[in-house]
Amino acid sequence: MAQFVPIKLDVSSPEYAQWRRDHTPDGNGIPQLFIVRADGETLYGRSGSLRGPDLPNMLIAALQNSGRILSAREAQSLSEAADKFTQEKEKGNFESAIKAISRVRKIGEPGQIPSYSEPALRVNRLVIETTEEVRNQLKDLASQIESDQADAKLKAMLGYLKLRQDFGALKMVKADLAAFQKKYTAKDNKQLAREAKIIVSADQANTKSKKTRAIEALTELINETEIEPVRKEAEKKLSDLKQKLDAG
Numbered sequence: 523m524a525q526f527v528p529i530k531l532d533v534s535s536p537e538y539a540q541w542r543r544d545h546t547p548d549g550n551g552i553p554q555l556f557i558v559r560a561d562g563e564t565l566y567g568r569s570g571s572l573r574g575p576d577l578p579n580m581l582i583a584a585l586q587n588s589g590r591i592l593s594a595r596e597a598q599s600l601s602e603a604a605d606k607f608t609q610e611k612e613k614g615n616f617e618s619a620i621k622a623i624s625r626v627r628k629i630g631e632p633g634q635i636p637s638y639s640e641p642a643l644r645v646n647r648l649v650i651e652t653t654e655e656v657r658n659q660l661k662d663l664a665s666q667i668e669s670d671q672a673d674a675k676l677k678a679m680l681g682y683l684k685l686r687q688d689f690g691a692l693k694m695v696k697a698d699l700a701a702f703q704k705k706y707t708a709k710d711n712k713q714l715a716r717e718a719k720i721i722v723s724a725d726q727a728n729t730k731s732k733k734t735r736a737i738e739a740l741t742e743l744i745n746e747t748e749i750e751p752v753r754k755e756a757e758k759k760l761s762d763l764k765q766k767l768d769a770g
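Its first residue numbered 523, the sequence shown is counted upward by one per residue in the numbering used here.
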């Protein structure tokens, strides 16, 4: 019984009237016995007593459909992870958000945690919503990269690389990112993908030595690329990097 929280209600009370609106029993006699899961789903609701092995058998069956029961510490860890994920995502710190949510993998894979407790449902909901956002962005990028416009193709490739950088550690979108890569960064787009990576790498240069190497790579790219939008974007990045390097 440690997995259950017993609650007694008087059938003549207002609380019971509210309960009946959410959980309708099979039968109108008394006593009435309900088993309600953490998410509010009624697993059992009937009138009349259970005799002999019927009660323990029913409880065992209910537990099998109740998902993982979390400890207080696990519930707290999930709540903290969800809070941190939300905060970092709102700031645009997507990699930090993914790291925060990944810390609870010992409890279950975020987005697929087999528990109906509110902290677990919240983590799953946040990850599923983010997964859908990434998938929708990939659909938009695919449409752009399939166009005949060189500017649109470059923008889409840069968008994909940024998306992979931000959300590549999120397990639920790994397959989607890999599918996009296989379809759109090979063959006709191989050169574009390689050159876009150089531009994206320049954005990640956060030390003097890395900025110097990025400047060299961008300069070489400007001189060698045959794709005009790539040259223009590389020139812009090169100018920005030189200003940052001069500013110290």
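All residues carry an ideal CB built from backbone N, CA and C; glycine is no exception.
- Spanning the alpha carbons of A560 and F607 requires a straight line of approximately 23 Å.
- When the alpha-carbon of K675 is set against those of Q666, F556, L692, the nearest one is in Q666.
- Here DSSP, grouped into helix, strand and coil, assigns L572 to coil.
- Under DSSP, D548 takes part in a beta bridge, and its partners are R568.
- Positions of the alpha helix (DSSP H) runs, each at least 4 residues long and wholly inside the stretch 619-682, are given as 640-667 in order along the chain.
- L555 is bridged by DSSP to R568.
- Beyond the five residues adjoining it in sequence on each side, F616 comes within less than 7 Å, by CB distance, of D688, F689 in the same chain, given in chain order.
- R686 counts as buried, since at least 16 other C-beta atoms from the protein chains shown sit within 10 angstroms of its C-beta.
- Annotation: I635 to D532 spans about 36 Å, alpha carbon to alpha carbon.
- Inter-residue distance for L663 and G589 is about 38 Å (C-alpha atoms, whole angstroms).
- The criterion of a C-beta distance shorter than 8 Å is not satisfied by K764 and A724.
- Counted as a single uninterrupted DSSP element, the alpha helix (DSSP H) harbouring D698 occupies residues 693-706.
- With at least 16 other beta carbons inside 10 angstroms of its own, G633 counts as buried.
- Here G614 is not bridged, per DSSP, to any residue.
- The beta carbons of L714 and I744 sit no closer together than 8 Å.
- In terms of CA proximity to K677, E755 leads the group E755, A583, P553.
- Between the C-alpha atoms of Q598 and K613 there is a straight-line separation of about 23 Å.
- DSSP lists S637 as the bridge partner or partners of G589.
- Taking 8 Å as the cut-off, the Cβ atoms of V695 and R657 count as close.
- In this structure, the straight-line span from the alpha carbon of E631 to that of A604 is close to 13 Å.
- Selection K684, L572, Q554 evaluated against I721 yields K684 as nearest (Cα-Cα).
- Counting only residues of its own chain and dropping the five nearest sequence neighbours on each side, S601 has a CB closer than 6 Å to the CB of P641.
- The beta carbons of D698 and L660 sit closer together than 8 Å.
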